Amino acid sequence: MTVIKRFTQRLFTKNVMPLVSAVLIGFSGIAGAEVSEDQWPAFLEQLKQQSLAAGIKQQTIDNVWPDLQLIPKVVSQDRSQPSRDKLTVEAYLQRVITPTRIEQGRKKYREHYQQINAIAREVGVEAKYLVALWGVESSYGRLLGRHHVPSALATMAYEGRRREFFSKEFIDALRIIEQGHISSKEMKGSWAGAMGQCQFMPSSFLRFARDGDGDGRANIWSNMADVMASSANYLRMNGWRAGEHWGRQVVVPDHQQFIPFNNQKKNLNEWQALGVRRDDGSNLPVAEMNARLRIDENPAERVFLLYHNYDVFLRWNRSEFFATSVGYLADRIAFPPVMNTPQTDSIEVAAEPAP
């Protein structure tokens, strides 16, 4: 799940964090409480003082506070998150990367071809990855979340299990409103506070969001240029290597014998010498480039070689399911060629991408 104006981190750490910590101590009486309205007004008052201590203007407080509501539903959604302990990558890919999502990605890419590619070329991130992130995060802008983000974050902080985290995200949401990127009432998102078509948390927004069309705002809710510029900037700022692939599905000569190699890194030439091949059986690219093998004990599961850019996906979302689905969707969008677009960008050229 970024932005243009940022307060000085050093100043914040030196002068504001001690005040924040002091106020957090005052919240301790609410921590662990059932989600009821009994202590909600008192908590909001303490949250107000914490926000003011962090440098939020009184005008912003006066603007946002009438909109704040306790939303017990976000706590129940948090507590009822399904376990993925028994979910396999194969099952997840089948569930998330559907033929419909692939075709929608191609359609959306055609619709916004010039805009997406201009940003991709400027930043050095292939367009297919921007489209895939868009598809996985919000189904191409269709699923943004309907919760009032400041209320959701305040509720999660009030609930208490991750109070410090959600209190800080709440204050960052106030900063976004204060900077004029969006109004309080329009700031909608998920139960956890992820916002917009790229589903940034407020802290990520303040670090990575960008104004893609020069209007002075980073509107990741409804402005396509801002969505793509922000996503591309996130990848670039987290170490994206232009021209490199995310990884590839491979085959191994003996599944059982390769299980001890799980999560080991070797360069592609070493994997080639060990018998690892592309999923069509052909040789791996000749490159002095490191790749991590991911192999499950179940021989029915796919085997992957994962490159540096895969780890950049993990910085966006620490889930291996997420990172694999983004890379896999990007490849499905790109190959075979996307038709009816100018043949000038790698997303629609059915040639082998960089290793």
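Going by the working numbering, the sequence shown opens with residue 3, and the numbers climb by one from there.
Here a beta-carbon is modelled for each residue, glycine too, at the ideal position from N, C-alpha and C.
All values reported here derive from a predicted model rather than from experimental measurement.
Between Leu-70 and Met-230, the gap from beta carbon to beta carbon reaches 9 angstroms or more. Per DSSP, reduced to three states, the secondary structure at Met-239 is helical.
Between Phe-323 and Tyr-160, the C-beta spacing is not below 9 angstroms.
Of the other Cβ atoms in all chains shown, fewer than 16 fall within 10 Å of the Cβ of Ser-321; this residue is therefore exposed. At a Cβ-Cβ threshold of 9 angstroms, Asp-80 and Trp-248 do not count as neighbours. Excluding sequence positions up to five before and after Met-189, its CB lies within less than 6 angstroms of the CB of Val-151, all in the same chain and listed in chain order. One alpha carbon belongs to Ile-173, the other to Arg-279, and they sit about 50 angstroms apart. The criterion of a C-beta distance shorter than 9 angstroms is satisfied by Leu-331 and Ala-134. Nearest C-alpha to Asp-333 among Val-253, Tyr-142, Arg-108 and Ala-302: Arg-108. Annotation: Gly-249 is outside any alpha helix (DSSP H); the continuous beta strand (DSSP E) that includes it extends over 249-253.
In this structure Ser-185 is exposed. Its beta-carbon is surrounded by fewer than 16 other beta-carbon atoms within 10 angstroms. Within 10 angstroms of the beta-carbon of Glu-113 lie fewer than 16 other beta-carbons, which makes it exposed. Of Asp-282, Gly-241, Glu-246 and Lys-267, the smallest CA-CA separation from Val-253 is found for Asp-282.
Sequence-distant partners of Arg-219 (beyond 5 residues in either direction) whose C-beta falls short of 8 angstroms from its own C-beta, in its chain, are Gly-182, His-183, Ile-184, Asp-213, Asn-225 and Asp-228. Ala-293: member of the beta strand (DSSP E) spanning 292-296, first to last residue. DSSP, reduced to helix, strand and coil, places Lys-130 within a helical segment of the structure shown. Leu-270 is positioned such that its CB atom lies closer than 9 angstroms to that of Leu-307. By the neighbour-count definition (other C-beta atoms within 10 Å, threshold 16), Ser-169 is a buried residue.
In this structure, the CA atom of Ala-244 is about 24 angstroms from the CA atom of Leu-208. Counting only the Cα atoms, Gly-277 lies some 31 angstroms from Val-127. Put simply, the backbone Cα of Gln-116 is about 19 angstroms away from that of Cys-200.
With fewer than 16 other CB atoms across the displayed protein chains lying within 10 angstroms of its CB, Lys-75 is exposed. A straight line joining the alpha-carbon of Asn-221 with that of Trp-273 spans about 44 angstroms. Runs of the alpha helix (DSSP H) lying entirely within the region 63-109 and spanning at least 4 residues, in chain order: 74-81 and 91-98. Taking 9 angstroms as the cut-off, the beta carbon of Ser-140 is found no closer than this to the beta carbon of Gly-195.
With respect to the C-alpha of Trp-242, the residue from Val-138, Tyr-312 and Asn-292 having the closest C-alpha is Tyr-312. In the DSSP assignment, Val-305 falls within the unbroken beta strand (DSSP E) covering 305-308. Per the coordinates, the alpha-carbon of Thr-90 lies some 8 angstroms from the alpha-carbon of Glu-303. Following the DSSP letters along the chain, one finds Asn-221 in no alpha helix (DSSP H), marked with neither H nor E. A residue is called buried when at least 16 other Cβ atoms come within 10 angstroms of its Cβ; Ser-206 meets this threshold and is buried. Non-local beta-carbon contacts of Asn-285 in its own chain, meaning distances under 8 angstroms to residues more than five positions away in sequence, involve Gln-274 and Arg-279 in chain order. For Asn-271, the enclosing alpha helix (DSSP H) starts and ends at 270-275.
In the structure shown, His-257 falls within a helical segment according to DSSP collapsed to helix, strand and coil. By the neighbour-count definition (other C-beta atoms within 10 Å, threshold 16), Asn-119 is a buried residue. Straight-line measurement puts the Cα of Phe-260 at about 58 angstroms from the Cα of Pro-43.
In the three-state scheme derived from DSSP, where H, G and I count as helix and E and B as strand, Arg-163 is classed as coil.
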